Amino acid sequence: MLDNLEEYDMEGAPFTHEEWFRLQRRVRWLGIGFLLAMAVAIGAVWLALPRTDPLRTRGLVIVDDDGRTRILMGASATSPADVPNAAGAITYFDPQGHRRLAIGQTPALVKNGKVVPRISSEASYSLTIYDAVGNERGGAGYVAGARRAVIALDRAPPAADAVGLLVDDSSGFAGFVANYEHDSGSFAVQLGTQGDRAALDLFDTKGRQKAH
């Protein structure tokens, strides 16, 4: 539109052609300056926006106001009880440093204050609960090496398996099991199905079947 003004009849105009062209140049420079200012403003806003790149780290330790570890995430951290955290686990601690809850990759098994081997060394995933001093007291998950889905509760120390619901892919058993107070290495009660059979089986402390 400004270019069209150059054809305007300047006779009788309040300023000369040269003054009019200088005014056009000033308007053009003002337009360019405005565009540059807008570009700078847009760039500043873009730089202020949060980055979308993912945070990559081997582990994360969250502490309370007193610096005590309350949550561990990942493999690079060791718990207050000097038990390595599982690579894919989130573990929660009480103010005294005892494990209380773990979610994700199943961590090392802690019973009677000691780390003991699990039935499978293959990584499994579960929700695990602990008592007030950090002993494992139960959980729910899938034991990959044993091919077994389990919901279980453990007795207080001296810790032993108490009751559980399980689906065993290897044997085909699905049902409820209960153990004696002192772990005998065998079920006391087994109620469920296996193949085409549904039964209630009772065993003595030596694992001998007494009734079904």
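Using the working numbering, the letters of the sequence shown correspond one by one to residues 24 to 235.
Cβ coordinates follow ideal geometry from the N, Cα and C atoms, glycine included.
Computed from a predicted model, the values in this text were never measured in an experiment.
Checklist entry - Taking the continuous beta strand (DSSP E) assigned at Thr92, which residues delimit it? => result Run containing Thr92: 92-97, per the beta strand (DSSP E) assignment.
Checklist entry - Apart from the five residues just before and just after Leu150, which ones in its own chain have a Cβ nearer than 6 Å to its Cβ? => result Ile126, Gly162, Ala163, listed in sequence order.
Item to check | Nearest candidate by alpha-carbon position, reference Ile142, set Arg170, Arg160, Gly195 | outcome: Arg170
Next on the checklist: Measuring only the C-alpha atoms, how far is Val63 from Thr92?
Outcome noted: 44 Å
Item to check | Between the CA atoms of Gly82 and Ala211 - distance to the nearest angstrom | outcome: 42 Å
Item to check | Beta-carbon contacts of Tyr115 that lie in its chain and below 6 Å, excluding the five residues immediately before and after | outcome: Excluding sequence neighbours, Tyr115 sits near Ile94, Arg123, Leu124.
Next on the checklist: Measuring only the C-alpha atoms, how far is Asp89 from Met96?
Outcome noted: The straight-line gap from Cα to Cα measures roughly 19 Å.
Item to check | Beta-carbon proximity list for Val166, same chain, < 7 Å, skipping 5 on both sides | outcome: Ile142, Ser143, Ser147, Val173
Checklist entry - What are the residues that DSSP puts in a beta bridge with Gly127? => result Ala112, Ser149
Next on the checklist: Does Asn27 come out as helix, strand or coil in the three-state DSSP assignment?
Outcome noted: Any reading at Asn27 must be qualified, since the residue scores a pLDDT of 44, below 50, and its modelled position is unreliable; the value itself is stated next. Reduced to three states, the DSSP call for Asn27 is helix.
Checklist entry - Thinking C-alpha only, which one of Ser209, Ala197, Val86 is nearest Gly215? => result Ala197
Checklist entry - In angstroms, rounded to a whole number, what distance separates the CA positions of Asn59 and Leu78? => result The question names Asn, yet the displayed sequence has Leu at residue 59. The alpha-carbon atoms of Leu59 and Leu78 are separated by roughly 34 Å.
Item to check | Counted within 10 angstroms of its Cβ, other Cβ atoms place Asn311 as buried (16 or more) or exposed | outcome: The chain is shown only over 24 to 235; residue 311 falls outside these bounds and no answer can be derived.
Item to check | Sequence-distant residues of its chain with Cβ nearer than 7 Å to Asn202 (five each side left out) | outcome: Ala183, Asp184, Ala185, Phe210, Ala211
Next on the checklist: Could you pull the DSSP bridge partners for Leu214 from this structure?
Outcome noted: Phe199, Leu223
Checklist entry - What is the DSSP secondary structure of Ala163, reduced to helix, strand or coil? => result In the structure shown, the three-state DSSP call for Ala163 is strand.
Next on the checklist: So Pro130 and Ala155 are supposed to be a Cβ contact under 8 Å. How far apart are they, rounded?
Outcome noted: Wrong, their Cβ atoms sit about 18 Å apart, outside the cutoff.
Checklist entry - Does the Cβ-Cβ distance between Gly187 and Gln217 come in under 8 Å? => result no
Item to check | Candidates Gly168, Pro73, Pro180, Ala175: closest to Gly157 by CA position | outcome: Pro180
Checklist entry - Where does Ala36 fall in DSSP's three states? => result Interpretation of Ala36 is limited by its pLDDT of 49, a score under 50 that renders its predicted location unreliable; no figure is taken from the coordinates.
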